[in-house]
Amino acid sequence: MDRPVSFTLDFEDLRTDPTVQEERVGIVTDRILDRLRELGIRGTFFCVGELASRHPDLIRRVVADGHELGVHGLHHIPNDLLGAERFRSDNREAKTILSELAGTEVTLYRAPQYSLIPSTPWVPEILSELGFIASSSVLPARSPLYGWPGAPSNPFRWSSGLIELPSPVMKLGPVVVPFLGGTYLRLLPAALRRRGVRSADAETVLWTYCHPWEFDPDEKFYVYEHGGWLVSRSGWWNRKGMLKRVEATMSPVAGKPLGEIVASLGDLPTFDPLTSELTPASGHL
Ligand SMILES: [Zn+2]
């Protein structure tokens, strides 16, 4: 691609009945880690707390390989279903689990299914209260699942001080899509992804996100708990060759892990989650 794209993975397990369905997330993530090591790519792994506590050795390997850790909820329940109080206690627990495994404080967060939306405006405030520094949880577009149309598409600060790196998006006909994300990585032709990267605003932080199951063509089909049959079915499309597509997206040079990018950002505009008002960065007043 013409500009560096950072690698991020959402480490999650979507099985609806673990007593019947085989767990494959560990094997598949190990494979992904092997390839990243060969390529010399370091990324950011957003992990579901409960799943991380079941795979401590794998999470320690993620850290030992030089990747960053972030929190992806405690059980991968969308925030609007959790409510503010449970969001606070769940993410406090997930942060503790991951920080202990990392041996350092984990301060990055990504909402399950981009569920930082206008009806969950309390999320940034609680994340700041819990000691998080940055999030990559907003899809600034309409979406069949979760999105925040009208939210900025370049990095900004929430009123609480938390930094947000919104999902990179591009216009495809009448819709705006997160073109570097899992489903689009599996389905869009490479030429369109290249166009998206080339046409992205210079200030947009480009990151790709995917999930272990997307690299697993052998997993047996089931219907996700928080998605219907069609959404679930689309999760099985074109899993074969996923690793190659991700590699091509990050070639010739991959972007830095998100935490390192956040540390290098200057003044940012502030976005108020209650009013959707954007205040320019102080340097631009
Ligand atoms: Zn997720």
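Using the working numbering, read the sequence shown as starting at 987 and increasing by one per residue.
Ideal Cβ placement from N, Cα and C applies to all residues, glycine included.
Asked, Found
"Cβ-Cβ distance between Arg989 and Leu1264 below 8 Å", "no"
"Bridge partner(s) assigned by DSSP for Ser1218", "Answer is none; Ser1218 lacks a bridge partner."
"Alpha-carbon spacing of Asp1258 relative to Tyr1210, whole angstroms", "33 Å"
"Limits of the unbroken beta strand (DSSP E) element including Leu1254", "Per DSSP, Leu1254 belongs to no beta strand (DSSP E) and is neither H nor E."
"Bridge-paired residues (DSSP) for Tyr1195", "Thr994 and Gly1167"
"Lys1081: first and last residue of the uninterrupted alpha helix (DSSP H) it sits in", "Ala1070 to Ala1088"
"Nearest residue (CA-CA) to Gly1069, options Leu1102, Leu1037 and Ala1088", "Leu1102"
"Integer Cβ distance of Ser1075 from Pro1110, believed to fall under 8 Å", "Rounded, the Cβ-Cβ distance is 17 Å, inconsistent with contact."
"Nearest-angstrom Cα separation, counted from Ala1097 out to Ser1121", "8 Å"
"Leu1271 to Val991 span [Cα, whole Å]", "Confidence at Leu1271 is low in this model, with a pLDDT of 49, below 50, so its placement is unreliable and no value can be given for it."
"Simplified DSSP state of Ile1027, which is helix, strand or coil", "coil"
"Integer-rounded CB distance, given that Leu1166 should sit under 8 Å from Arg1179", "7 Å"
"Chain C within 8 Å of Glu1115, Cβ atoms only", "Absent from the structure is chain C; it holds one protein chain and no more."
"Straight-line gap, Met1156 to Val1239 (C-alpha atoms, nearest Å)", "21 Å"
"Per-residue burial, Asp1043 [other beta carbons within 10 Å of its own, 16 or more giving buried]", "exposed"
"Straight-line Cα distance separating Asn1065 from Pro1152", "17 Å"
"Stretch-stretch touch, CB-based, cutoff 8 Å, three pairs: the segment 997–1004 with the segment 1243–1260", "no"
"Between the CA atoms of Asn1140 and Ser1105 - distance to the nearest angstrom", "21 Å"
"Backbone secondary structure at Lys1226 - three-state DSSP", "coil"
"Close Cβ partners of Gln1007 (< 8 Å) along its chain, the five nearest in sequence each way excluded", "Arg1001, Lys1206 and Tyr1208"
"As assigned by DSSP and simplified to three states, the class of Leu1000", "coil"
"Validate contact between the segment 1113–1131 and the segment 1226–1241 using beta carbons, cut 8 Å, 3 pairs", "no"
"Helix, strand or coil at Leu1102 according to DSSP, with G and I counted as helix", "coil"
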